[in-house]
Structures are given as C-alpha cells and as structure tokens.
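Colleague: Below is the structure I would like to discuss, written out as structure tokens.
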Amino acid sequence: MSTAVTALTASGRLRIVVALARRGLNEVLRVPGASIPGVLAPTIFLLGISSVFGAAAKLPGFTADDFKTFVVPVGMLQGAAFAGAATGVNLARDIERGWFDRLLLVPAPRLTLLAGLVSSGALRSLLPSVVVFAAGLALGVHFPGVLGTLLAFLLVMGLSTCLACYATTLALHFRTQQAAPLMQMGGFIAVLFTPAYAPADLLAGWMHAIAVVNPVTYVLQGVRQGFVGPVTWSGTWPALAAIAAMLVVLAALAARGMRQTGR
Amino acid sequence: MAAIETERLSRRFKGGLTAVDAIDLSVEAGEVYGFLGPNGAGKTTTVRMLVTLLRPTGGRAMVAGHDVARDPDAVRRRIGVALQEAALDGLMTGRELVELQATLHGIAPSAVRTRGQDLLERVGLVEAQDRRVATYSGGMKRRLDLALALIHEPAVLFLDEPTTGLDPVSRMTLWEEVRRLKDRGTTVFLTTQYLEEADRLADRLGIISQGRIVAEGTPAALKAEIGHPHLELAFAGDAPDLDAAATVMAAFGPPEVLRELEKVRVPLPDGAASIAAVVRALDEKGLGVAALELVEPTLDDVFAAKTGRHLEGA
Amino acid sequence: MIRASLALARRALRNTARRPQFAAPLLVMPTLFLAANVGGLTRSTALPGFPPVNSFLNFQLAGSMTQALLLGGVSSGIAVALEIEDGFFDRLVISPIPRVAIVLGRLAATAVLAFTQVLYFLLIGTIFGGGPEGGVIGFAAIVAIGVIAGIAFGAIGVTIALRARTVSTVQGIFPLVLVVLFVSSAFFPRGLLEVPARQIAAFNPLSYIADGLRNPIVGSVSAGPVLEGLAAAVGLAAAAIALAVWSLRVRLRAV
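Chains as they are written, first to last, in our numbering: chain F, 5 to 267; chain E, -14 to 299; chain L, 10 to 264.
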C-alpha cells in the first residue's frame, strides 16, 4: 500500500538539497526588509572603514593603489559571514517553532539535510557581496577582471558555507535564537583577524601571528586577486585549500550536531 | 503483525527525570489507538521516541516493522506525523509546502504535482493552495499539516493532539478524515486531551500517567472496568412507593433509592438489553415507569480513577 | 522622585546583571573592533599628520569607549521598548510614582553602565597600552565626559523607544549609529579622514566627545579638548533628556 518506501537515489538527494536551499531563500525574497541589515552592515562597514582609515594606504609598504580597493574584498567576506550566521539564526528559529522536527522526520541522510540547510547560506551571501562589490565600483575601485570577479564570488560562497556550518552547529546546540550574537561574532572575528586592514608585513606582531594560522587569511588573499595584483594559481590554490579544510572540519561538527539531536 | 510494539520503552533525561518508564505498547495494524494522559505524563516523550525524534534510553520500539533506534530511516519512510503545533512555514503557499514535502520524501518529480493536488483536494485546500500559509485559519493549518503527513502514504500515522484549539466544524472534518484513513487500512496513533475524541475515534486506548501505562483496552472495556451502566427510573403518581420498586428491582442487582430525586437506581451489567425486563417486572407489580435513563460511565470517570486527575477540555 | 528613580535604576541594573548574554556584546563588540583596528593599523601612527601618541591602541581607546557608550544607549532604548511590549511600562504609568522617574531611572542605570564601560576600557589601556597619562584630573575628566555622554546616548535611545514602541525598530537604528560614528574623528585623526567624512566630522558632536576622552589618555590634560568634549556631552545630554521627557509626555497623552 505504500508507494514511497524505497531508498533515495542520488538525484533524489540532490533534489532535496535544491528544495531546501530554495526554501532558505524565501527569507530573503519574501520578507520585505529582512535582507536589509545583512546588506547594510557590510556596506556601511566598507564605506565607513574606507573613509576613516583611507589614509593608511599612504603607509610605506602598503600594496594597493588605495585603501578602499584593499578593503572591498574584506567587505564582501563580511557579507558572506553575515549570510552564514543568518542561516544558523534561521535554523534556531525553525527549531524554536517546531519546523525542524518536520525536517528530521524526512527519511534522508542527515548529511543531505545539512547540505540543503547550508547551501541556502551560500546563495544568500551573493546578495550582500554583490552590493558591496557594486558600492566599491561606484567609489572608484577598478574592476578586478572577469576571472577575478568569478573567483571572488566563488570564494565568498565557499566561506559563507563554512560559516553556515559553524552557525548551524551552534543552533543545534543552543536551540534558541538568543545564540545569534555568538554566531555572528565568529565570522566577524574570523574575517577581521587577517590582513584585513593592511598587508601582513604591516600588522602588529600578535595580529600577524594570528593571521598566519587563520585560514580566512588565505581566502581573503584569494579574493583580493584582481583587486590587488593579478590572479595567479599560486594565490588561488591556498584559498581553495583553506575553504576545503574549513568545510571538512566545520561540516563534520555540524553533521555531528545533526546526528546528536534527539539523544 | 503489530504496527507499533514497544518493550520496556524508557526515556530518562539528563538530570535524572524519567519521563517514560518501561512501557509496553502493542498497536495492531489498521487500528486507531488513542493515547491519553495529563500534561507532563510522558505522552509527548513517548510519541517523539516512536517517530524517531528522540532516542530511547532503555527498551526498544518497533514501528511499522523496524526498530526506531537501529533503523530510523526505514521507520521514517513508513510513518506520517502531524505535529502538535502544526509547525508550518508561513512564508510558503500551501501548494509549495506540499510539493516540498513530496520532494523531501523522495517522490519522483513527475509525480510531485499530481500527488500534491490529490492531497490538497482530499483536505479541501485546493482553493487556498496558492495563498501563503500565514493567512490560513487554525483549521486550515491542521488540514494542511495532515496532508503533509500523508504525502508518502504512510502505513502508520501519528497525530499529536490534532484538534486542540479547533472549532467544532473543523474537528468533525478531521474526525471524518481519520475514519477514512482507518477504512483504508492505515494505523493511527492519536494523542488527545479530548475524551470525546478518544471515545469516538479510538478502537483501543492507552492511558499514561507518570511515565507508566496505567490502563489499556477498548473504550467500552475500560468503562466497564470502572463500573457498569446504571438504570435510573422515575415513577408515575404523586408519591410513588420507591421502596416497593426497589424490592422488585433487587432481582437485577443491588438497588439504590435516591429519595430527593424520587428515583431508584440499579446497576445493569448487560446495558440496554435488560431494560425491558426491568420495566416489565415493575409493571406486573403495578408500578408505572414515568421516565428512565441509562447512565453509562464516561471515559472521564475512567481517567479520574486511573490517574487521579480530570482531563482539561473533557 | 529621586527615590522612585533610584528604585527603577536598581531594577534595570539587576535585569542587566541577570542576563549577561545581552549585556556582554556591549563590551565584547567594541573590544573585538578595537583589537582588529589596532592589530591591522598599528603602524598608522607613522603617517604624516598623525598626532604624537605613544601607541595606536591609546589613540583608538577613546573611539572604542564612544562606540561602547553608543551601544549602551541602543540597549537602554531596547530595554524600554521591551517594557512597552511586555506591559511593564503601563504598570509603571498607573503606579503612584512621578512619571519622569520612568525616564530618569533608566538614565541613572545607563550612567552606571557607562561608568563600567569607561573603567573597562581604561583597564584594557593600562594592561596593553601603557595606560592613561593624564593623572587623577585626567581620570576625572574621562569619567565625567564618558558618563555624561552615556546618559546622552541613553536618552536618545529612550526617546526612540518611546516613539517607535517596538524592539525591532530600536534595533534597526543600530546601523545608523555606526554611520554617525564613522563620520567622526573617533577612530582616526580628523585631518587624516577622507574628504566627505572630514568635513562632516567637524560638525559631529561625537568627534568632540571622542577627542575629549582621548586627550587625557594620550598625554597630559589640556583644557581645550577636554572642555570641548565636556561641553559637547553636556549639550547633547541636555537636549536628549529634554527630548526624552517630552516624548514621554506625548506618549502619556496619547494613552
């Protein structure tokens, strides 16, 4: 009498991921004003930072033409961080409201469900990063080339996915939207404790030490290609490797969180 | 084969609270099983374990032929769950939600549309299907929730307080749908705080109190366990001889004279079947019966006797 | 009136202390921003035109204080909006206390919070940056400007809460607060700001408040910037308190 008792095929899993990602985007597309803070924050950050610290580009050893060119990639990654955090905040709300139970009742691997949850974060990061990118161009930052642009948005989506995994882990643990500041702070720190404001050689000693071990440093340097210097393979692979490494660790943590719900 | 079978199923929470304490349940395939209990009795915890949302800390549970802890996905493929708060996404339309649910349950893309339409039609939401769920009434939300639970034609359906807070008309509609599902052979596990609902829908009932099953059986058997139906009689005339009537009625059971009400009451184990005999016996002695009432014990009596509490909303 | 205000202030502070998860960002966010700015731009002090300071941290400290005080103001506004949403505000209105005490009590609590924030950043400065150099008079000046500015920001937050009445609206002004802060000399010397910001900063009271707080930290106290800072804080506070009390009147009349 049951029609759907067979196990899922690979394409069935992919359809689940796509369907969940689409639902995640409703938050941006259907709630008027909901995306404004996530877009406004990195844009204000970019405009504010470049008008306040603009003179820093005159320091000897500063590699970019001007400060705003140097920080546009930082603003884009801030947007990615906010979008990733928003994925976790929305999950926490879904947990509070009981929707998440419905999702857990789906007979699909928990990893498939997780992929659906975090991939909406990746798509969502495009909105703030495109706005920041456009604001940068409007301020007179030069176009980083087609390859540089594509690479920048690919890395933005990658970082957002990683931070969505991080925020998801927190959401599954705390099960309340009150954990939102914790989710947002993680990405904020990760993006700023890098050569965000100045080339690595100009950083304070302790900041330099943190930046070297912070994987987001390599992502940022990857995004910066085209804005500062040409796009090269030697600048690209560390960024991709950093995303991959973060994704493995953070997705594993999130997957563990998924498996442990209900224990 | 039993559709739901538990063996010393237990759940102990961190901090030591034992919400469910070694319960044994057996629900036959095709049965509507009513699960009653006061708030905090372990009702929801039991349901959450049976539907794989919470892992048991002791014992085991087989649902639709699979172990909830060892093979949760197999269980999930065979059960439908309508959740207590009807947790729906208000930003989506009814149709989008049904089609999302179909996709999540691995229904082929070619079948998603038709399956969704069938179900929306069944729960009477075709007209409202393109409106956002946030605009739905409480009754519409429950019906949509039911449609979502049925998307993959589950063998076992769990309904957690499906009519709490609903108006009488919506409640009736939902009851009809449950009966239709039973006719199709679906097993229904129903928790409710409405005794009338349990009485009308359930083939069998289980009552849980403080994490343990304190009573189980058909509604009639449970009521019989508490007490038999009573026949209450009032007599013709201004000053009927209640004592004479009681003497006659003693042949059927120990009579009780209710002087203020000018009635006599007698237990009637066979129920309505022996009313005629009582009336005839009284008639032979010239005692004319003016009014009679067969008083059945209610589920509330059962509930109160078993748990020491009355259900709200009963 | 004073007794009622103090009682309400005590209640407000108790609530803050009981929910540290809401109060922590008031210090944590500016601290992280401070760390990022100092770590990234510590060499900026070498820029031509940068005033003589012993470290970029000491320079940034006043900006972080101002930022923290602004956040404190937003959180005071949120607290009042919460009280309006959950009905506590109406209970206060019908109770036999002077109504002005509702505003004054909240501002007294904000003042205590501001004092804590100022002390916290001075402590950070002492540990990592060699500490404020202005001596006892300098310390007194910093505390005075900080607390009065904190009250001013709190009064602005309360005004917005009394007008908007919802928590989400008050939260929505937060980005705006950052914009106003960015077009001031809080984080960088005014002469080194980029073009539109430099002109706006000259008219921004936050510039004078931050510069007033900064003067005793980076050197010995000089009367000019400190008095300017004090004047900016007092002026802003007077105007904002008047606005808050007036908004309370308007709101009570509407009930």
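For glycine and all other residues, C-beta sits at the position ideal for the given N, C-alpha and C. None of these values were measured; they are calculated from a predicted model.
Can you tell me where the beta strand (DSSP E) with P225(E) in it begins and where it stops?
Modeller: The residue labelled residue 225(E) in the question sits at position 240 within the second sequence. From DSSP, P225(E) is part of no beta strand (DSSP E); its letter is neither H nor E.
Colleague: Can you list the residues of chain L that Y222(F) reaches, using a CB-CB cut of under 9 Å?
Modeller: Taking the first residue of the first sequence as position 1, residue 222(F) is located at position 218. The contacting residues do not exist; Y222(F) stays about 17 Å from chain L at best.
Colleague: Check whether the region 212 to 230 of chain F touches the region 245 to 258 of chain F, taking contact to mean three or more Cβ pairs, one atom from each stretch, closer than 8 Å.
Modeller: The region 212 to 230 of chain F is in contact with the region 245 to 258 of chain F.
Colleague: So that I know if they touch, is there some Cβ in chain E lying closer than 8 Å to that of A8(F)?
Modeller: Taking the first sequence and counting its residues from 1, one reaches residue 8(F) at position 4. The pLDDT assigned to A8(F) is 45, lower than 50, so where the model puts this residue is not dependable; a value taken from the coordinates is nonetheless given after this. Yes, its Cβ sits closer than 8 Å to a Cβ of chain E.
Colleague: Between which two residues does the beta strand (DSSP E) carrying L142(E) extend?
Modeller: Working through the second sequence from its first residue, we reach residue 142(E) at position 157. First-last of the beta strand (DSSP E) with L142(E): V141 to D145.
Colleague: Taking the alpha carbon of V141(E) as the reference point, which residue from G50(E), Q69(E) and D268(E) has its own alpha carbon closest?
Modeller: In the second sequence, counting from the first residue as 1, residue 141(E) sits at position 156. Comparing Cα positions, the closest option is G50(E).
Colleague: Can you tell me the Cα-Cα spacing of L186(E) and T171(E), whole angstroms?
Modeller: As a working mapping, residue 186(E) is identified with position 201 in the second sequence. As a working mapping, residue 171(E) is identified with position 186 in the second sequence. Rounded to the nearest angstrom, the two C-alpha atoms are 13 Å apart.
Colleague: Can you say whether G37(F) is buried or exposed, counting buried as having 16 or more other CB atoms within 10 angstroms of its CB?
Modeller: Looking up residue 37(F) in the first sequence gives position 33. That one is exposed.
Colleague: As a quick exercise: from F147(F), L44(F) and A60(F), pick the residue whose alpha carbon is nearest that of L56(L).
Modeller: Here residue 56(L) is taken as the residue at index 47 of the third sequence, counted from 1. Checked all of F147(F), L44(F) and A60(F); the closest Cα to L56(L) is A60(F).
Colleague: Identify the continuous alpha helix (DSSP H) that holds A110(L) and give its terminal residues.
Modeller: Here residue 110(L) is taken as the residue at index 101 of the third sequence, counted from 1. Residues V109 to G138.
Colleague: Within a Cβ cutoff of 8 Å, which residues of the same chain sit near L(-6)(E), ignoring the five residues on either side of it in sequence?
Modeller: Taking the second sequence and counting its residues from 1, one reaches residue -6(E) at position 9. These residues qualify, in order along the chain: V5, A7, I8, D9, L10, T31, M34, P41, G43, G44, R45 and A46.
Colleague: Starting from W210(F), find everything on chain L with Cβ-Cβ shorter than 7 Å and list it in chain order.
Modeller: Reading the first sequence from its first residue, position 206 is the one you call residue 210(F). Correct list: G48.
Colleague: Which residue spans inside the region 38 to 100 of chain E form an unbroken beta strand (DSSP E) run of at least 3?
Modeller: Entirely contained in the region 38 to 100 of chain E, the beta strand (DSSP E) runs reaching 3 residues are, in chain order, 43 to 48 and 64 to 67.
Colleague: By a C-beta neighbour count over all protein chains shown, 10 Å radius and 16 as the cutoff for buried, is G239(F) buried or exposed?
Modeller: By 1-based counting over the first sequence, the position of residue 239(F) is 235. G239(F) comes out buried.
Colleague: Excluding five sequence neighbours on each side, which residues of the same chain lie with their C-beta closer than 7 Å to the C-beta of S53(L)?
Modeller: Here residue 53(L) corresponds to residue number 44 of the third sequence, with the count starting at 1. For S53(L), where only same-chain residues beyond five positions count, the Cβ hits under 7 Å are F59 and F65.
Colleague: Quick one: list the residues of chain L neighbouring G58(F), beta-carbon separation under 7 Å, in chain order.
Modeller: Looking up residue 58(F) in the first sequence gives position 54. What G58(F) touches in chain L: E203.
Colleague: Comparing alpha-carbon positions, which option in A45(F), G28(F), L108(F) and P77(F) lies nearest S124(F)?
Modeller: Start at 1 with the first residue of the first sequence, and residue 124(F) comes out as number 120. Ranking A45(F), G28(F), L108(F) and P77(F) by Cα distance to S124(F) puts G28(F) first.
Colleague: Kindly list the residues whose CB is nearer than 8 Å to the CB of V111(E), restricted to its own chain and excluding five residues on each side of it in sequence; keep chain order.
Modeller: Taking the second sequence and counting its residues from 1, one reaches residue 111(E) at position 126. Within the same chain, V111(E) has close Cβ partners Q102 and L105.
Colleague: How far does the beta strand (DSSP E) with Y217(L) in it extend, from its first residue to its last?
Modeller: Within the third sequence, the letter at position 208 stands for residue 217(L). First-last for Y217(L): P214 to V227, but that is the alpha helix (DSSP H), not the beta strand (DSSP E).
Colleague: Does F174(E) come out as helix, strand or coil in the three-state DSSP assignment?
Modeller: Residue 174(E) sits at position 189 when you count from the first residue of the second sequence. The answer is strand: DSSP assigns F174(E) an E or B state.
Colleague: When you compare each of G82(L), R115(L) and L187(L) to E265(L) by their alpha carbons, which one comes out closest?
Modeller: This structure gives no information on residue 265(L), because the portion of chain L shown stretches from 10 to 264.
Colleague: Determine which residues of the region 61 to 95 of chain L have a Cβ less than 7 Å from any Cβ of chain F, and write them out in chain order.
Modeller: Within the region 61 to 95 of chain L, no residue has a Cβ that lies closer than 7 Å to any Cβ of chain F.
Colleague: Based on Cα-Cα distance, which residue from G42(F), A68(F) and L63(F) lies nearest to A89(F)?
Modeller: Stepping through the first sequence from its first residue, residue 89(F) is reached at position 85. Out of G42(F), A68(F) and L63(F), G42(F) has the C-alpha closest to the C-alpha of A89(F).
Colleague: Below 8 Å on the Cβ atoms is my contact criterion, and I expect A231(E) with L267(E) to pass it. Report the Cβ-Cβ distance as a whole number of Å.
Modeller: As a position in the second sequence, residue 231(E) is number 246, starting the count at 1. As a position in the second sequence, residue 267(E) is number 282, starting the count at 1. Not quite, the Cβ-Cβ distance comes to about 10 Å (not below 8 Å), so this is no contact.
Colleague: Which residue comes first and which comes last in the alpha helix (DSSP H) that contains A204(F)?
Modeller: Residue numbering aside, residue 204(F) sits at position 200 when the first sequence is read from its first letter. From DSSP, A204(F) is part of no alpha helix (DSSP H); its letter is neither H nor E.
Colleague: Run through the DSSP bridge pairs and tell me what K248(E) is partnered with.
Modeller: Start at 1 with the first residue of the second sequence, and residue 248(E) comes out as number 263. In the DSSP output, where bridge partners are listed per residue, K248(E) has A219(E) and L243(E).
Colleague: Less than 8 Å between the beta carbons of R179(F) and A96(F), yes or no?
Modeller: Translated into the one-based positions of the first sequence, residue 179(F) becomes position 175. Translated into the one-based positions of the first sequence, residue 96(F) becomes position 92. Their beta carbons are under 8 Å apart, which means R179(F) touches A96(F) by this criterion.
Colleague: Taking F196(L) as the query, report the chain F residues whose CB atoms sit under 8 Å from its CB, ordered along the chain.
Modeller: As a working mapping, residue 196(L) is identified with position 187 in the third sequence. Per Cβ cutoff of 8 Å: V56 and F57.
Colleague: Against chain F, with Cβ distances strictly below 8 Å, would A173(L) count as a contact?
Modeller: The sequence position of residue 173(L) within the third sequence is 164, counting from 1. Chain F contact via Cβ: absent.
Colleague: Tell me where the beta strand (DSSP E) around Y18(E) begins and ends.
Modeller: Here residue 18(E) refers to the residue found at position 33 when the second sequence is read from its first residue. Residues V17 to L21.
Colleague: Mapping the DSSP letters down to three states, classify I198(E) as helix, strand or coil.
Modeller: In the second sequence, counting from the first residue as 1, residue 198(E) sits at position 213. I198(E): strand per DSSP, three-state reduction.
Colleague: Short of 7 Å Cβ to Cβ, which residues in the region 56 to 80 of chain E face chain F?
Modeller: Result list: D58, R61, R62, R63, V66, L68, E70, A72, D74, L76 and M77.
Colleague: Taking contact to mean at least 3 C-beta pairs separated by less than 8 Å, is the region 101 to 112 of chain L in contact with the region 38 to 52 of chain L?
Modeller: Short answer: they don't touch.
Colleague: Based on Cα-Cα distance, which residue from A156(F), A194(F), F157(F) and V150(F) lies nearest to Y170(F)?
Modeller: Taking the first residue of the first sequence as position 1, residue 170(F) is located at position 166. Checked all of A156(F), A194(F), F157(F) and V150(F); the closest Cα to Y170(F) is A194(F).
Colleague: Only counting the same chain, and skipping five residues up and downstream in sequence, which positions put a Cβ closer than 7 Å to that of L158(F)?
Modeller: Within the first sequence, numbered from 1, the residue matching residue 158(F) stands at position 154. Within the same chain, L158(F) has no close Cβ partners at all.
Colleague: According to DSSP, is V216(F) helix, strand or coil?
Modeller: For this step, residue 216(F) is matched to residue 212 along the first sequence. In the structure shown, V216(F) sits in a helix (DSSP, three-state: H, G or I).
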